[in-house]
Amino acid sequence: MEAADIRATDTVLEIGPGRGALTQELLAAGARVIAVEKDLALVEMLKETLAKEILSGQLQLIQDDIRNFDPRSCQLEARSYVVAANIPYYITGEIIRQFLTARAQPHTVALLVQKEVAERIIARDKKESILSLSVKCYGEPSIAAKVSRGNFSPPPSVDSAILVIKNISREFFTDTDEKKFFDIVRAGFSSKRKFLIGNIAKKFGRERAESAFAAFRLPENARAEDVLLQKWKCLVQSLD
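The opening position of the sequence shown corresponds to residue 1 in UniProt numbering, with each subsequent residue numbered one higher.
Encoded structure:
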């Protein structure tokens with residue numbers, strides 16, 4: 001909760017409230033909570049334990065798979081809410097993509113994820129990836145805290161981290177086509193052993209690729225993982 005800087009005026013979309021530990025903290029902080037839980041048995045339990053908050057309207061409980069959920073169905077507008085969740089690791093990428101690309105984007109996302117995934121997203125080793133670029137073009141990712149596997153019972157096989165993505169918007173794409181950007185990024189990473197210019201040339205031709213690299217002073221021996229977000233944007237714009 002502290003990682004996402006939740007305040008009493010915030011609306012929080014909580015994914016998978018489970019038995020309601022985080023839910024109760026959010027409610028105690030004064031936030032309005034929309035909790036989406038897939039497990040019907042847990043929903044029924046929460047209806048009993050948090051009946052007062054549901055009755056007051058502070059808590060809205062929805063039984064559904066979050067992957068089927070549209071924020072607009074609860075009158076959530078773009079940048080008007082926070083997403084907070086402790087989700088299964090195997091759907092981390094899917095959930096991040098779902099909300100960063102939603103028509104009604106949250107302004108902040110705070111997720112407990114596998115530590116290695118969080119470090120990959122922020123490019124801790126200074127090596128970018130399709131995943132890290134896909135997050136950074138929509139918001140500002142950071143690791144708020146690391147959580148040892150020993151904090152869970154039973155302990156998982158990996159350590160975790162709280163990933164926070166702030167200032168989410170589509171501002172990056174005001175002068176760049178969103179679909180084309182990702183098409184070119186995917187092309188750039190298509191063969192990690194090759195230099196980026198070779199991967200781009202395969203899609204656009206050698207002469208066009210060399211011209212684009214020269215225009216923005218990208219070294220011809222650069223690999224896709226070495227190119228920062230703004231340089232990718234320049235490359236995409238030069239290939240229009």
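For glycine and all other residues, C-beta sits at the position ideal for the given N, C-alpha and C.
Per-residue burial, residue i [other beta carbons within 10 Å of its own, 16 or more giving buried]
i       : result
Gln-105 : buried
Val-227 : buried
Gly-139 : buried
Beta-carbon proximity check, residue i vs residue j, cutoff 8 Å
i       : j       : result
Ala-102 : Ile-143 : no
Gly-198 : Ala-224 : no
Leu-235 : Phe-204 : no
Val-109 : Val-83  : yes
Ile-15  : Ala-85  : yes
Leu-26  : Leu-76  : no
Cutoff 7 Å; reference residue i; Cβ partners in own chain excluding five residues on either side
i      : result
Gly-18 : Leu-42
Ala-8  : Ala-29, Gly-30, Ala-31
Contacting residues, own chain, Cβ-Cβ under 6 Å from residue i (five flanking each side not counted)
i       : result
Ala-222 : Leu-196
Lys-38  : Asp-65
His-107 : Arg-79, Ile-168
Lys-202 : none
Thr-11  : Arg-32, Tyr-81
Per-residue DSSP class, three states only, for residue i
i       : result
Glu-44  : helix
Pro-141 : strand
Lys-180 : helix
Arg-186 : helix
Ala-161 : strand
Sequence-distant residues of the same chain with beta carbon closer than 8 Å to residue i, five excluded per side
i           : result
Arg-97      : Ser-134
residue 241 : Outside the displayed range of the chain (1 to 240) lies residue 241, so it cannot be described from this structure.
Problem - Every unbroken beta strand (DSSP E) inside the stretch 72 to 131 [3 residues or more] - result: Listed in chain order, they are 82 to 86, 108 to 114.
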